[in-house]
Amino acid sequence: MGSLFRSEEMTLCQLFLQSEAAYACVSELGELGLVQFRDLNPDVNAFQRKFVNEVRRCDEMERKLRYLEKEIKKDEIPMLDTGENPEAPQPREMIDLEATFEKLENELREVNQNAEALKRNFLELTELKHILRKTQVFFDEADYGLYYPYSSQMADPSREEEQVTLLGEEGLRAGGQPMKLGFVAGVILRERIPAFERMLWRACRGNVFLRQAEIETPLEDPSNGDEVFKSVFIIFFQGDQLKTRVKKICEGFRATLYPCPEAPADRREMAMGVMTRIEDLNTVLGQTQDHRHRVLVAAAKNIKNWFVKVRKIKAIYHTLNNFNLDVTQKCLIAECWVPVQDLETIQLALRRGTERSGSSVPPILNRMDTFEDPPTYNRTNKFTSAFQVLIDAYGVATYREVNPAPYTIITFPFLFAVMFGDVGHGMIIFLFGLWMVLKEKPLAAKKSTNEIWNIFFGGRYVILLMGAFSMYTGLIYNDMFSKSLNIFGSYWYVDYNVSTIHGNGNLQLDPKSMYVNHPYPFGMDPIWQLADNKIIFLNAYKMKISIIFGVAHMLFGVSLSLWNNQYFQRKTNIYTEFIPQVIFMCFLFMWMCILMFIKWIKYSAHNEDIEVTPYCAPSILITFINMCLFKKGTPLPKCPEWMFPGQGGLQQLFLIIALLCIPWMLLAKPLLIIRGQRKQHMPLTNSSNHHAPGTEPENTDLESQTVALPHKEEEDNNIGEIMIHQGIHTIEYVLGSVSHTASYLRLWALSLAHAQLSEVLWKMVLGNAMKMQGWAGGIAVWIIFAFWAVLTIGILVLMEGLSAFLHTLRLHWVEFQSKFYSGLGYTFQPFSFEVILESAAQNDE
Amino acid sequence: MKVCGPTLSLCGLILSAWGVVQLVLMGVFYYIKSVALFEDIGMEEKLDDPAEFYSKAETLYTQSAFNCWIAACIYVLLLIFSAHQFYVNSQSSHSHA
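First to last, the protein sequences are chains A and B.
Read in order, the letters of the first sequence correspond to residues 0 to 844 in numbering that gives the first Met the number 0.
Read in order, the letters of the second sequence correspond to residues 0 to 96 in numbering that gives the first Met the number 0.
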């Protein structure tokens, strides 16, 4: 192991694969997921590569599978996901797969086409059925009114006045016999009726008569399966000219016209015929559906499996496209990054691949030397990965740099908890985290697409730890939904008599006489919950605690930089940066922390000597500011100036040394570099003089090599740049340590805000219900508790939790990591089927 | 009979479980006259006589304790109802699948 502290050691390898064995070998490596291939033909575009045909075939297969999947989803057939992971099939199996998919797709398309045609037929017949049924009513009316207008006039002159005047009189006059009227019947979308009617009226100048009736049941559109409402209409008119005009309009409105016999007997016969045909069609349609269902069910059983296979084949060919062909075309050359630890495993996988392909020539794996920076590979498990993600979100560690993730596992939940200290809220988070951790497997199998849920689930171990630590700090602060737990009994007692209590509004408990003189066993004494000066007391405590944690955290960060310097053999950095940095931090800020401890230990109410009673206890902040300004303290009367003799001198010394560290950090490294460069220049000029004329070509060769090395170039940087860089670095550190120390006060600020918010919520919401007198109070408590619970979750746990989380993240990224972490690396992205399949599955959804 | 959806019944389940635990405990704390809850019993008037003060405080504490327990009982009912709804929902979703 050990790889949690630093990224894995990587090496660039050259891999020679025999053409026949290449596929099987790459397939094995894909299962392993430990090799990152480099693209050796970056200039060749995707269509000119060797295996472009195979990739294309895979794309085609994928398209067919997606089509199948879409159809399966449409029919709501459950797809069997056994979670099994079939190996990448042999290249020759690809043809079988292709044939299967081709057959399935064709079958499905045919079935769909047939079904659509049948449905269209069915729709037509249904419409015809409706027409025959609805128009019957019209014809019944027409028997008197329209078909024989003359008699209609006699029968009922008041009705259908328009038609009567229009046709009756003139018709009589023209021919003296009843007019023969034509008609068309059809079906139209219901919403088009008003426009259709108006159009007919205008285009035919009112010479046509339209009757319509709605079809109550919605009809299914065969092309897209939507349900549409339609109406039956029948149009009566006179003459061929009008007929063509009417037909044109019907066409324009996409109305379907159906032949409708004129004689009632014909109509009846036709209706009978239509009914039988509809019944026949129904059986055929049912059979078609059954067939389609059978095909899809059979496909659904295998589809996940097929997807995996096809995606694996595609990934393999895609990788093979990155390889170089050697001159003989007999073997493929690949370059890849490999973790040194796994070389054996990779060799084994390659051997398996060769055996599977039946090739006799073993593949060759050669380690190569390179000046390129290898990728950063941190091996993680499900517990550490969430923390690694938090770190990587800021910047991926430079190769082999100290990885802050293992320390973050403890410091992250802890600093979060300092801001979120509450047993109740901590328990909610803890239980939520615990549930996710315990139900890990079923929850992971669900593969939710909800982004927020995935974030929570991915960070389940972080949440679990944050909850546990919050419960701990909550016990220290003695806060549970803003109420204190009196577990051990308060160590304070009231010694006032009744008359004193009656006479005064606010009384202070004197620690000298009303305190048992040893602290509450664990955390805050519960009596503080009722005290008026609770906030003042807690502020002093939490501020000091925050600064102490902050200085410890930053010093830890600085000491990690020592480890980095040692590892990378940057000895000068230790003398020119690390040591002055530590001195600066210790002599200023750690000194302030030490003063806090001295104050805590030295001053007590029980002391007889006034110089060590709380009366004389100095303010640490004022002392520290005075120290930085070279000022003397202004003690109260009868108090000493310093906490201990010699403190003034010691502080001045500390400050001067700390200030001297600034030029040390600023100048030492550039000066050393300049001196080093001067020394280098001397022997170089000497050696060129010593060269014999015969060795000239070699020399140029050497020079061309040095140009190729990026490291050499860096050293030639001019002095100005180095000075500027060092200046920025120094200013950043010096100003940073001041501002970062102050920045840790956010621990106090957020903790105060959280405690106050939860207290206000209790008082304003739940407290009101509790105060209610009488038995109705029970109901009030019941209702208001629900309200309070929702607000607790929403505001205190979610929103406050998120804010505390972000502040913790900042403390880690900025205050902690700036001390040692450069984060300039890039991630190791191995060729792995697991990753490829996962990302493909996510794209699907 | 199905009244609530799966999410609502789950929320009811969690809320009422939490309510039962917290309110029963709070009732106990009121009953033993926890000083930490003194601010929440609605003692407004200033009483000069200590005996009177104590008796008043005691009735208020007991009252609050019973109020908490009443609320807890209602939450037990809600818990049973939500659990039943949850069960019904899980059954129907199973039969669908």
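Backbone N, C-alpha and C fix where the C-beta goes; we use that ideal spot for every residue, glycine too.
- Here A:Tyr514 carries a strand assignment [DSSP, helix/strand/coil].
- Interface flag for B:Leu12 against chain A is unset, since no Cβ pair is found closer than 8 Å.
- Judged by DSSP secondary structure, A:Ile234 falls within the beta strand (DSSP E) whose first and last residues are Lys229 to Phe236.
- A Cβ of chain B is located within less than 8 Å of the beta carbon of A:Val780.
- Within chain B, Ala35 and Leu36 have C-beta atoms less than 8 Å from the C-beta of A:Lys482, given in sequence order.
- Checking the DSSP bridge columns, you'll see A:Phe15 partnered with A:Ile332 and A:Ile363.
- With contact defined as three or more Cβ pairs closer than 8 Å, the segment 17-24 of chain A and the segment 812-819 of chain A are not in contact.
- Just measuring C-alpha positions, the residue of A:Phe15, A:Thr791, A:Ile783 and A:Glu799 sitting nearest A:Val326 is A:Phe15.
- Looking at the DSSP output, A:Phe182 shares a beta bridge with A:Phe235.
- Taking 3 residues as the shortest admissible run, the segment 3-55 of chain A contains the following complete beta strand (DSSP E) segments, listed from N- to C-terminal end: 9-17.
- Nearest CB-CB separation between B:Asn66 and chain A: below the 8 Å threshold.
- For B:Leu36, there is no enclosing beta strand (DSSP E), as DSSP marks it with neither H nor E.
- Each of A:Asp265, A:Ile408 and A:Arg204 was checked against the Cα of A:Gln237, and the nearest Cα belongs to A:Arg204.
- DSSP places A:Trp491 in the strand class (E or B) of the three-state scheme.
- Per the DSSP secondary-structure output, A:Leu218 pairs in a beta bridge with A:Val227.
- Take the alpha-carbon of A:Ile782 and the one of A:Val550: they are about 47 Å apart.
- A distance below 8 Å between beta-carbons, with the five flanking residues on each side excluded, links A:His739 to the following residues of its chain, in chain order: Gly549, Met553, Val813, Glu814 and Ser817.
- Between the segment 763-774 of chain A and the segment 568-587 of chain A there are fewer than three C-beta pairs closer than 8 Å, too few to call the two in contact.
- If you check the CB distance, A:Val186 and A:Val245 do not come in under 8 Å.
- The contact set of B:Asp47 on chain A, defined by CB atoms closer than 8 Å, consists of His501 in chain order.
- Among the CB atoms of chain A, one or more fall inside 8 Å of the CB of B:Ile40.
- Exposure of A:Arg37 is indicated by the presence of fewer than 16 other C-beta atoms within 10 angstroms of its C-beta.
- Taking every protein chain shown into account, the CB of A:Lys541 has 16 or more other CB atoms within 10 angstroms, so this residue is buried.
- When secondary structure is reduced to three states using DSSP, A:Lys482 falls in the strand class.
- For A:Ala754, same chain residues with a beta-carbon under 8 Å away, outside a window of 5 residues either side, are Gly420, Asp421, Tyr476, Asp478, Ser481 and Leu537 in chain order.
- Not one beta carbon of chain A lies nearer than 8 Å to the beta carbon of B:Leu78.
- For A:Pro525, at least one C-beta of chain B is nearer than 8 Å to its own C-beta.
- DSSP lists A:Val231 as the beta-bridge partner residues of A:Ala212.
- In the DSSP assignment, A:Thr375 is bridged to A:Thr826.
- When 8 Å is used as the limit between beta carbons, A:Val796 is near no residue of chain B, the shortest such separation being about 12 Å.
- Boundaries of the beta strand (DSSP E) around A:Thr255: Thr255 to Tyr257.
- In this structure A:Val307 is not in contact with A:Leu797, their Cβ atoms being roughly 38 Å apart against a cut-off of 8 Å.
- When 9 Å is used as the limit between beta carbons, B:Gln84 is near no residue of chain A, the shortest such separation being about 16 Å.
- Distance check between A:Leu188 and each of A:Pro41, A:Glu196 and A:Phe182 places A:Glu196 closest, using alpha-carbon atoms only.
- What B:Tyr74 touches in chain A, judged by beta-carbon distance under 7 Å, is Trp781, going in chain order.
- Annotation: the continuous alpha helix (DSSP H) that includes A:Ser384 extends over Ser384 to Tyr393.
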